[in-house]
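Structure first, then comments.
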Amino acid sequence: MTLTHYLVLSAILFSLGAATVLLRRNAIIVFMGVELMLNATNLALVTFARLHGDLTGQVMAFFVMVVAAAEVVVGLAIIVSIFRTRKSASVDDINLLKS
Amino acid sequence: MTPSTAEAVLFWVLAPIMVLAAGGLLFARKAVHAALCVITVMISLAFLYVAQEAPFLGVVQVVVYTGAVMMLFLFVLMLVGVDASDSLVETLRGQRWIGWVAALGLGVVLVGVVGRTVYPDAVGLGDANGATNPVGVARIIFGQHVFALEVVGALLVTAALGALVLTHRQRLKPVVRQRERAAARVKAGARLTPLPAPGVYARHNAMDVPALDPDGNPIEESVPRVLRIRGQEAGTDAFHADTYRRAVTAVLAQRGVTATDAEVDAALGTTEDDPRPPAAPPGTTAGPTTDITLGEGSTGTETQP
Amino acid sequence: MNDLTSLAPLLVAVPLASAALLLLLGRAADRWGHWLGVLASTAAFVVGAVLLTDLLGRPADDRVLDVHLFDWISAGHFDLSAGLRVDPLSLTFVLLVTFVGTLIHVYSVAYMAHDAARRRFFAYLNLFIAAMLVLVLADSYLLLFVGWEGVGLASYLLIGFWNHHTPYAVAAKKAFVANRVGDIGLLVALMLMFATFGAVDFDSVAAGVGGASQGTLTAIGLMLLLAACGKSAQFPLQSWLGDAMAGPTPVSALIHAATMVTAGVYLIVRSAPVFEGAPTAQLVVTIIGAITLLIGAIIGCAKDDIKKALAASTMSQIGYMVLAAGLGPVGYAFAIFHLVTHGFFKAGMFLGAGSVMHGMDDQTDMRRFGGLRKYMVITWVTFGAGWLAILGVPPFSGFWSKDKIIESAFVVPEVGGEWRAWLFGAVALVGAGITAFYMSRMFFMTFHGRQRWAQTSDGHDQHPHESPALMTIPMVLLAVGSVGLGFVLQLGGGFTTWLEPVTGHVEHHEPVLPVLVIQVATLVAVALGLALAWRQYLSLPVPEAAPAGTVLTRAARVDLYQDAVNDAVLVEPGRHLTRSLVYGDRTAVDGAFTGLGRLTVGIGELVRKVQTGYARQYAATMLLGLVVLAVVVLAPRI
Numbered sequence: 000m001t002l003t004h005y006l007v008l009s010a011i012l013f014s015l016g017a018a019t020v021l022l023r024r025n026a027i028i029v030f031m032g033v034e035l036m037l038n039a040t041n042l043a044l045v046t047f048a049r050l051h052g053d054l055t056g057q058v059m060a061f062f063v064m065v066v067a068a069a070e071v072v073v074g075l076a077i078i079v080s081i082f083r084t085r086k087s088a089s090v091d092d093i094n095l096l097k098s
Numbered sequence: 000m001t002p003s004t005a006e007a008v009l010f011w012v013l014a015p016i017m018v019l020a021a022g023g024l025l026f027a028r029k030a031v032h033a034a035l036c037v038i039t040v041m042i043s044l045a046f047l048y049v050a051q052e053a054p055f056l057g058v059v060q061v062v063v064y065t066g067a068v069m070m071l072f073l074f075v076l077m078l079v080g081v082d083a084s085d086s087l088v089e090t091l092r093g094q095r096w097i098g099w100v101a102a103l104g105l106g107v108v109l110v111g112v113v114g115r116t117v118y119p120d121a122v123g124l125g126d127a128n129g130a131t132n133p134v135g136v137a138r139i140i141f142g143q144h145v146f147a148l149e150v151v152g153a154l155l156v157t158a159a160l161g162a163l164v165l166t167h168r169q170r171l172k173p174v175v176r177q178r179e180r181a182a183a184r185v186k187a188g189a190r191l192t193p194l195p196a197p198g199v200y201a202r203h204n205a206m207d208v209p210a211l212d213p214d215g216n217p218i219e220e221s222v223p224r225v226l227r228i229r230g231q232e233a234g235t236d237a238f239h240a241d242t243y244r245r246a247v248t249a250v251l252a253q254r255g256v257t258a259t260d261a262e263v264d265a266a267l268g269t270t271e272d273d274p275r276p277p278a279a280p281p282g283t284t285a286g287p288t289t290d291i292t293l294g295e296g297s298t299g300t301e302t303q304p
Numbered sequence: 000m001n002d003l004t005s006l007a008p009l010l011v012a013v014p015l016a017s018a019a020l021l022l023l024l025g026r027a028a029d030r031w032g033h034w035l036g037v038l039a040s041t042a043a044f045v046v047g048a049v050l051l052t053d054l055l056g057r058p059a060d061d062r063v064l065d066v067h068l069f070d071w072i073s074a075g076h077f078d079l080s081a082g083l084r085v086d087p088l089s090l091t092f093v094l095l096v097t098f099v100g101t102l103i104h105v106y107s108v109a110y111m112a113h114d115a116a117r118r119r120f121f122a123y124l125n126l127f128i129a130a131m132l133v134l135v136l137a138d139s140y141l142l143l144f145v146g147w148e149g150v151g152l153a154s155y156l157l158i159g160f161w162n163h164h165t166p167y168a169v170a171a172k173k174a175f176v177a178n179r180v181g182d183i184g185l186l187v188a189l190m191l192m193f194a195t196f197g198a199v200d201f202d203s204v205a206a207g208v209g210g211a212s213q214g215t216l217t218a219i220g221l222m223l224l225l226a227a228c229g230k231s232a233q234f235p236l237q238s239w240l241g242d243a244m245a246g247p248t249p250v251s252a253l254i255h256a257a258t259m260v261t262a263g264v265y266l267i268v269r270s271a272p273v274f275e276g277a278p279t280a281q282l283v284v285t286i287i288g289a290i291t292l293l294i295g296a297i298i299g300c301a302k303d304d305i306k307k308a309l310a311a312s313t314m315s316q317i318g319y320m321v322l323a324a325g326l327g328p329v330g331y332a333f334a335i336f337h338l339v340t341h342g343f344f345k346a347g348m349f350l351g352a353g354s355v356m357h358g359m360d361d362q363t364d365m366r367r368f369g370g371l372r373k374y375m376v377i378t379w380v381t382f383g384a385g386w387l388a389i390l391g392v393p394p395f396s397g398f399w400s401k402d403k404i405i406e407s408a409f410v411v412p413e414v415g416g417e418w419r420a421w422l423f424g425a426v427a428l429v430g431a432g433i434t435a436f437y438m439s440r441m442f443f444m445t446f447h448g449r450q451r452w453a454q455t456s457d458g459h460d461q462h463p464h465e466s467p468a469l470m471t472i473p474m475v476l477l478a479v480g481s482v483g484l485g486f487v488l489q490l491g492g493g494f495t496t497w498l499e500p501v502t503g504h505v506e507h508h509e510p511v512l513p514v515l516v517i518q519v520a521t522l523v524a525v526a527l528g529l530a531l532a533w534r535q536y537l538s539l540p541v542p543e544a545a546p547a548g549t550v551l552t553r554a555a556r557v558d559l560y561q562d563a564v565n566d567a568v569l570v571e572p573g574r575h576l577t578r579s580l581v582y583g584d585r586t587a588v589d590g591a592f593t594g595l596g597r598l599t600v601g602i603g604e605l606v607r608k609v610q611t612g613y614a615r616q617y618a619a620t621m622l623l624g625l626v627v628l629a630v631v632v633l634a635p636r637i
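What follows is the structure in structure tokens.
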């Protein structure tokens, strides 16, 4: 058991989160995938903080959490707003970027 | 510095759980299950933080993520509909394949990089956490990162305002309050009083039994609308109480008159043939299943918000 | 530069200012505009006369004066100033142009009296005078080119003066295009000069001739000849002149008989140094002159339109001048001499023709003339003077000039064999005979014989009448010139001596035949032509409808198929070339560009398909890109 294991776990969680983003259609679940990726990053940050004996990593993780909270608030508001108008939470229904 | 055995045990217990939970996020059909999986991962992460000499972050993780963020997710799930399950059938051509390749590629690259990197000897946070972890973190946050903290605070306020703006609904119709509803009812000639409660208290008080009026007739509106729509309304036959007749008989007896049924009927002015009012067979009471319209001003039916 | 030469710019400035005034003032000048035009032309003539007295008062070797106007072009090593050269040659032209021009201005006052656009007509005439004076006074080929284009423009405007009549407008266009062909020659010559001598003013070119190769000089000479052919209606660019008769008759007299069409001769004489160094080009000039001489004469025999017959005659006479100019120094002076006398008698005859048309309801068909002698005495006399002059009957003007050219043609050139003398001499001699025939034909058909008048266009009988004094006075003055000018100028070799500062002094060369023999032969040829015309058109009645005629006649009537040849040789291939160029442009050039556009659109269509609008696909693209990037960056480190 070394600290590297934490990092590997972090990488796996990050990849799973990315896969969720790519493969799920429900906007809320996609969003959870993003959160999972952020959490995986936080784990890596905390592990590096311990590895280097420097608390700055933890501070970074703290900031990530705060920003993620703000992001969640806005993102969910957007999802709710879209759901109200389109009666759907599927990200595939929102393809207005197409010309 | 190497992790202690206890930590190793903790890690090896939690890590598979976390990976499995993350997989649950990926595969769960229902959004609520996915949310629960994520909560699992996050709580486990909080444990790992504590184990990694970051008790402050562990607490914050629980409070912010599981306590606030994930609850917000669940609230939104409720708004959107808990039932809304997500079909796992891919609709975009090639997206599943590309997604797997990309995610696996990412995983392989990340794990490869992490695994092949040569790390310095772990220092550990024993020194940094000398004056307890929260104090160490606070020194850094309010020391060299105080400006970032202020900015992040502003960001949070902005996000809150943004959520308010995004979810705000413009009122398109005038408000319908109690006064307007009452006026609409009077205008429509509909019932003004509250609906009678269902059930025949003396005999049966289930919700599916309609109340009886003084004549002993069933009052359809007393049965909840949902039951009526579903046809789960009980008949009144078995529970018919000839209350009035018995009351008349009792009054007559009190006066020393022993009246026959016929005499009672005569006194009551009811016919001999069928002394009891007709009882409705089960499921045939035909009360209104819809509410009266409250006019343009109403946002919906009376029973719906 | 003394005080008098400083007047030279006025020669150009006055008519130009008058033209500008007439054009700018518009209708406000309608009542008096024509007199302003006459005044401007007269003023120019007076200035020319003053300069003449000044020049005559100088010793012969001091008669080339340069008037610097302003620095025109200064680019690197190339410096060109705009300047006027007043020398005997240019002054001769100035006097001819302004004198004949003034007379024709006066004539036009009456001739155009009923034309609503008379003011505009005079503006164009003044513009022409100014441009022509720029042409002859220029001290560099570039400034000459300016005048050259200016007279081309004026000619175009005046030929098409009645452009509401489509054939006239087409004729104007034809003249313009034919002139452009010649202009290309002048332009190329300019470029060659610039490339060879690094300068385009006359002095530098003359000085640089010695150091240039004969091939270059020949090229320049041929290009100058091409320019001269275009402007002077020489073979093979002669076809426009006949059509140019669409313009009002005074225009034909001034521009297409007396002055502008002789600009080619001026150009060749002015470029004498170049041609001296290029005997081949000189020979070509002579040949062209000889060919045109004959072509013009033959065409003149067949034309029934009096103006077109005169035009053919002009072509033929200019052929004489070009022939003379091609003979080298021995002929330069006589070319100019004939040019001057021709300017007088041909202008006089054109004005006479205009007078006849004036009295005959603008008819031009000679077969419907006849017997006009009694009705138009002055016209008959003046036309007759011109007729005798062009025939070369002594002592009329034409005799002194044309006879000299024929004599010069018989001179064996310094370079080249004796055959040349015999050939060109014979051509000139024969040409004189034919000239006598067709001019006599014209004269007899118009003024003598039976009256074959057609009705006027509005159905009345013809009432021929003599023209007003404003028209007859110029005719009389020109007739006086036709009679006596040649004699006066040749007195004691005066004119050739006068031109010597420009053409150089030439030792007298003996022709292959004795001069007397040549003169007698010429007179015999003329008499033969005259007698033939007498028999054909005076003794025999002239049919009112043109007879079928021989093959030659029919060919001559259509200008020896010049238009057909032009169409077949130049126009049609040109059209095909243009079409194929347009096709090539559309398919190759446009195709390349539209193809480029289509390619872009196609790529855009392809790329557009990537833009599905699905956020997940964008995310997948990003992630894939990230992975690929990471692999590419990290791969070398493994």
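In order, the protein sequences belong to chains B, X and G.
The first sequence begins at 0 in numbering that gives the first Met the number 0 and counts up one residue at a time.
The second sequence begins at 0 in numbering that gives the first Met the number 0 and counts up one residue at a time.
The third sequence begins at 0 in numbering that gives the first Met the number 0 and counts up one residue at a time.
For every residue, glycine included, the Cβ atom is placed at its ideal position computed from N, Cα and C.
Given the structure is predicted, the values throughout are model-derived calculations rather than measurements.
Touch test, the region 438-450 of chain G against the region 72-85 of chain G, Cβ-Cβ under 8 Å, three pairs minimum
no
Within 10 angstroms of the Cβ of G:Ile637, are there 16 or more other Cβ atoms? Answer buried if so, exposed if not.
exposed
Just to confirm the assignment, what range does the beta strand (DSSP E) spanning G:His650 have?
In this structure chain G extends from 0 to 637, so residue 650 of chain G is not present and cannot be described.
Just to confirm my understanding: we take X:Ser297, look at its own chain, exclude 5 residues before and 5 after, and list those with CB closer than 8 Å. What are they?
At X:Ser297, the pLDDT of 43 sits below 50, so the modelled position is not reliable; the number obtained from the coordinates is stated separately. Result list for X:Ser297: Val175, Arg180 and Ala183, in chain order.
With DSSP as the reference, label G:Met621 as helix, strand or coil.
helix
How many whole angstroms separate the CB atoms of G:Val380 and G:Ala478, which I take to be in contact at a CB cut-off of 8 Å?
7 Å between Cβ atoms; contact.
Please determine if the region 338-348 of chain G and the region 484-492 of chain G are in contact, where contact requires at least 3 C-beta pairs separated by less than 8 Å.
yes
Drop a sphere of 10 angstroms on the beta-carbon of G:Val626, count the other beta-carbons inside from all chains shown, and report buried for 16 or more, exposed for fewer.
Buried: at least 16 other Cβ atoms inside 10 Å.
Contact list for B:Met31 against chain X, beta-carbon separation under 7 Å:
Leu24, Ala33, Ala34, Val37 and Phe72
Can you find a CB in chain G that lies within less than 8 Å of the CB of B:Leu35?
no
For my contact list, G:Ala324 and G:Val429 are in at a C-beta cut-off of 8 Å; report their separation, rounded to the angstrom.
Not really, about 20 Å apart at Cβ, beyond 8 Å.
Look at the alpha carbon of X:Met17 and the alpha carbon of B:Met59, and state the distance between them as a whole number of angstroms.
Whole-angstrom Cα-Cα distance: 22 Å.
Between which two residues does the alpha helix (DSSP H) harbouring G:Leu484 extend?
According to the DSSP assignment, G:Leu484 belongs to the alpha helix (DSSP H) that extends over Ala468 to Gln489.
Can you tell which of G:Leu387, G:Arg574, G:Pro278 and G:Val376 has the C-alpha that lies nearest to the C-alpha of G:Glu465?
G:Val376
Can you give me the C-alpha to C-alpha distance between G:Pro540 and G:Val550, rounded to a whole angstrom?
22 Å
Where G:Phe409 sits in the DSSP three-state scheme
coil
Report back the beta-carbon spacing between G:Thr313 and G:His255 to the nearest angstrom; my notes put them in contact at under 8 Å.
7 Å
Looking only at its own chain, which residues have a Cβ that is under 7 Å from the Cβ of X:Asn128, when we skip the five neighbours before and after it?
Glu52 and Gly135
What residue from G:Phe160, G:Ala555, G:Leu515 and G:Ala567 has the CA that sits closest to G:Ser251's CA?
G:Phe160
Distance cutoff 8 Å, beta carbons only. Does X:Ala30 sit that close to anything in chain G?
no
Could you tell me the distance, in whole angstroms, from the CA atom of G:Val105 to the CA atom of G:Trp31?
13 Å
When you check each C-beta in the region 592-612 of chain G against every C-beta of chain B, which residues fall closer than 7 Å?
Arg607, Gln610, Thr611 and Gly612
When Cβ atoms are compared, which residues of the region 136-167 of chain X fall closer than 7 Å to chain B?
Look at the region 136-167 of chain X: the residues with a C-beta under 7 Å from a C-beta of chain B are Val136, Ile139, Ile140, His144, Ala147, Val151, Leu154, Leu155, Ala158, Ala159, Gly161, Ala162, Leu165 and Thr166.
Go ahead and label G:Lys306 buried or exposed: buried means 16 or more other beta carbons lie within 10 angstroms of its beta carbon, across all protein chains shown.
Result: buried.
State buried or exposed for G:Met365, treating a residue as buried only when at least 16 other CB atoms are found within 10 Å of its CB.
The residue in question, G:Met365, is buried, as its Cβ has 16 or more Cβ neighbours within 10 Å.
Locate the beta strand (DSSP E) running through G:Ser80, then write down its first and last residues.
Phe77 to Val85
If we define contact as Cβ-Cβ less than 8 Å, is G:Leu622 a contact residue for chain B?
yes
Segment limits, alpha helix (DSSP H) that includes G:Gln316:
Residues Ile305 to Gly325.
Secondary structure of B:Val110, DSSP reduced to three states
This structure does not reach residue 110 of chain B, given that chain B is present from 0 up to 98, and the question cannot be answered.
If you drop the 5 nearest sequence neighbours on each side, which residues of the same chain put their C-beta closer than 7 Å to that of G:Thr363?
Cβ neighbours of G:Thr363 beyond the five flanking positions: Asp304, Ile305, Lys306 and Met356.
Mapping the DSSP letters down to three states, classify X:Lys29 as helix, strand or coil.
strand
Integer Cβ distance of G:Ala311 from G:Asp242, believed to fall under 8 Å:
Going by Cβ atoms, the distance from G:Ala311 to G:Asp242 rounds to 12 Å, so no, they are not a contact pair.
Could you check what DSSP says for B:Asp53 in three-state terms: helix, strand or coil?
coil
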